[in-house]
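For the sequence shown, full-length UniProt numbering assigns the number 818 to the last residue and increments by one with no breaks.
No residue lacks a Cβ here, since even glycine has one placed at the ideal position from N, Cα and C.
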Amino acid sequence: MALELVGGAALGAVVGELFKAILDLGKRAINFNPVLKDISSKLKAITPLVKQIDELNDYLDYPKEETEKLRDLMNEGKRLLLQCGDVKLGNLNYLKKPFYTQKLRELDTAIRSFMDVLFLQMARDQKKNLKMMNQMIEIICRLDNRGGSSKAMDLIVPPCLVPPLREETVGLEKPVKELKLKLFKNGVQMLVVTAPGGCGKTTLALKFCNDKEVKDTFQEKIFFVAVSRKPDLKLIFKDIIESLRGIQLPDLISDERAFCYLELWLKQTSLNHPVLIVLDDVWTGPESEVLDKLFQLPCCKILVTSRFVFPRFSEPYYLEPLNHENAIKLFRRAASLDKGISKLPDDETVEQIIGGCKRLPLALKVIGRSLSHRPTSVWKVTGRNLSRSGSIFDSEKELLECLQSSLDVLDDNMVTKESFMDLGAFREDQRIPTSTFIDICTVLYKQDETEAMVTLDELSSRSLVNSVTTRQYAYDDDFYEECFFTQHDILRDLAIHLMNMEPIEQGKRLILDINGNDLPKWWVDQEKHPSNAHLMSITTDEGFSSSWPDMEAPEVEVLILNLQSRTYNLPGFIKRMNKLKVLIITYYGSFLTEVTSEDNQPLDCLTSLERIRFERISVPIFSNPNPKPLINLEKISFFMCKFGQTFMNLSTQISDLLPNLLEISIDFCKNLSAVPSGLCEIINLQKLSITNCHGLSSLPEDLGKLINLKKLRLRSCIYLEELPESMTKLRELVLLDMSNCLGLAKLPEKIGELHQLEKLDMRHCSSLRKLPLSIRNLKKLKLLCDGEVADWLKKVEPRLSKQVKVQEEEANLEWLGL
């Protein structure tokens, strides 16, 4: 590869030194000006390429030996130029001019040859990379039911899929029609929908994208991008390209290179199909740079939603609040008045509430649902309070104050109210894992999983969060790893607004949002800033590289780290968080980040930890040769993570390090080729979930040692061929999920000894042609399978027919959050 030919750090410096030597010679080398000009032009052409290759080689860690030939060529050129500087008319050295001229010509030829090879190899590498990227992520495996065989499909999930409309809309038919008339006009490239927060701009954009005429016009070429306050141009362009071309690009490309690719592929695509790009929630200032770039592309239509006006791009379309009739309709629906669930209050109270909400859809929905099932007296108080407020358009603060009244009715349910406040700890416009919400509620509010889900349902019923539709049976058997929800950014602002009303030293939560290395002034000014927060959230962007100021936060029980940089050094003050029970580290880039600490002990000192979740993290869990046991850890989750060799080859018994672990979840961890046998020594383990791990081909023979295991999930481990015979010793097992295990060909012959087994999910196990006869001994068993397998079982094992349930799971990739 070209990288192999010119690899090694600081190669650009060597080329730069030769170029500088040419400039330094100046008039002293006037006798060689023609050939020096040729060499100079070649170096100018090659310098930016070599600089980019330098960056790639730093990241890929290529050995320096591979660059010696080129280094020698550049260094020889420097020596030759110094000698040429001594060749002057009337000087004895002038007789050597033909000799040095020939040497310079040879240098010029050598550089030309290198350039030819470089360009050919880079062209080849680009094609190879495009081919490889198409196979990088295995997203879903599906059974070909008709042929009775299976096939794994390697797909790239388009990052810019249009989200579905979650509920029926009110009052948007006219705005959609007007948007079509304006945007479909010839010569109109961009249209900006403008309105304050909470007016329904995003809902209108989704309604527009799902309109039949729009879908017929743009076919499959509609791309939806959430921009928000801190957009990453490169990532936005990259996401559109990946959605457009169905490939995955490396994340090392620059903003300009990504834009060039986008421009090229948009021009190619628009020859056959018009393209629509929806940019949702664009902010003013540097954030609007994405509009500057995309406005240069005449080959697509662009719909923008924003709280701001951008007159240089288009005449704004102002989205008005709902008219009175539609406002009442939406409010009645939100408050369950149409269903007769809530008692209808007097008309004056309803008018006060609708007037106070200024007919804004978000306020109507949130406040309407907060009043559902409430006494008439609560309605009247809410109506009076809202009628006293000023115009909601005066400032965003007044919208927040309006929505705050919806939380007042939660005063008798403080856990729900506090849980809503906790959601400000997560990044804007990102899905939040349901399992993470449960972890927080378990620690901060002493709730079990069922109680935490009731709290989440309460928030959802009041429109304070939006549930993300996941796989149809994702909630079965308390498995929440594939379940997520989102929150409107205005509601997130409300949580942060309420949090900021308390002094930092006294607040229950501390949320730090850091841009680059711009740390809060109060933190920098005070050497050890005290905080009594129980929940701390730190969000950094990809420009963050600063060292951490110190902090005293002894009361923190939940720590959430939201990352975007490729490497991340944990704050040193974490070691003193002696009450820390939940640690959540999430990387929001395309690939993985590496988390480190100053003393190479990222977790060992946090002995109070009860729950850990890593997402898109490459981190050695126990990098210290003699780690301290995490004696209180009960649950650990990995999502799209990479395991280091220290995890696979621990010298210390895992059971000694995690003696009280009850639950392990490993999802979409592609490099997991084997499960460390030491995991089977954790005899307290009750739940083991290894799902979507396509590199896993076998399980440890010692699996049967997990005598307390109740639930084993192996969903979508497509190359898993068999289950170890020892698993028949799992006498406490009540659930075995091996759905989508396409390569699984046999079950243990004595599976009938698992007398507590209540559910066996074997949907899409196409290679499993025969069930052991002992399965008929499982009297409690409910068997989930495909229709074809069910028909076969009814013929071969009619006694099982009453225990067989056919379930066809609908494929749904929204839970990936890509």
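Between the alpha carbons of residue 350 and residue 672 lies a gap of roughly 58 Å. Shown here, residue 680 sits in a helix according to DSSP, grouped into three states.
Just so you know, the alpha carbons of residue 703 and residue 436 end up roughly 27 Å apart. Collapsing the DSSP output to three states places residue 74 in a helix. Separation of the CB atoms of residue 742 and residue 767 is rounded to 6 Å, and the pair is thereby assigned contact status at 8 Å.
Contact between residue 202 and residue 281 is confirmed by a C-beta separation of about 7 Å, below the 8 Å threshold. Inter-segment contact for the region 512–528 and the region 540–551 is present: three or more beta-carbon pairs are separated by less than 8 Å. Unbroken beta strand (DSSP E) runs of no fewer than 3 residues, entirely contained in the region 490–571, are found at 509–514, 528–530, 535–540, 550–552, 558–563, 567–569, following chain order.
In its chain, beyond the 5 residues on either side, 233, 234, 237 have a beta carbon closer than 8 Å to the beta carbon of residue 255. Contact between residue 731 and residue 747 fails: their C-beta atoms lie close to 16 Å from each other, not under 8 Å. Contact between the region 506–521 and the region 479–491 is not established, with fewer than three Cβ pairs separated by less than 8 Å. Residue range 255–270 is occupied by the alpha helix (DSSP H) that includes residue 259. In this structure, DSSP gives residue 486 an extended state, which the three-state scheme calls strand. With a 10 Å radius around the Cβ and a threshold of 16 neighbouring Cβ atoms, residue 318 comes out exposed.
Looking only at 734, 442, 463, the smallest Cα-Cα distance to residue 370 is reached by 463. 579 is the residue among 460, 505, 579, 592 whose C-alpha sits nearest the C-alpha of residue 609. At the C-beta level, residue 310 and residue 275 stay beyond 8 Å of one another. Distance check between residue 294 and each of 710, 81, 346, 240 places 240 closest, using alpha-carbon atoms only.
For residue 109, the closest of 42, 659, 188 by C-alpha to C-alpha distance is 42. CA-to-CA, the gap between residue 228 and residue 430 works out to about 10 Å.
A direct Cα-Cα distance of roughly 31 Å separates residue 172 from residue 376.
Here residue 764 is buried, its C-beta having at least 16 other C-beta atoms within 10 Å. For residue 638, the enclosing beta strand (DSSP E) covers residues 635–639. In the three-state reduction of the DSSP assignment, residue 100 falls in the helix class. The beta carbons of residue 104 and residue 192 sit no closer together than 8 Å. Going by DSSP, residue 451 is part of the alpha helix (DSSP H) stretching over 449–461. In the DSSP secondary-structure assignment, residue 615 is bridged to 586, 639.
A residue is called buried when at least 16 other Cβ atoms come within 10 angstroms of its Cβ; residue 198 meets this threshold and is buried.
By the neighbour-count criterion, in which a residue is buried when 16 or more other Cβ atoms sit within 10 angstroms of its Cβ, residue 678 is buried.
Pairing residue 434 with residue 447 gives a Cβ-Cβ distance that is not under 8 Å. The alpha-carbon separation between residue 158 and residue 245 amounts to approximately 9 Å. Straight through space, the alpha carbons of residue 403 and residue 231 are spaced by roughly 27 Å. In this structure, the alpha-carbon of residue 427 lies about 30 Å from that of residue 372. Here DSSP, grouped into helix, strand and coil, assigns residue 573 to helix.
In terms of CA proximity to residue 719, 740 leads the group 181, 542, 740. For residue 663, the pairing in a beta bridge is given by DSSP as 635, 687.
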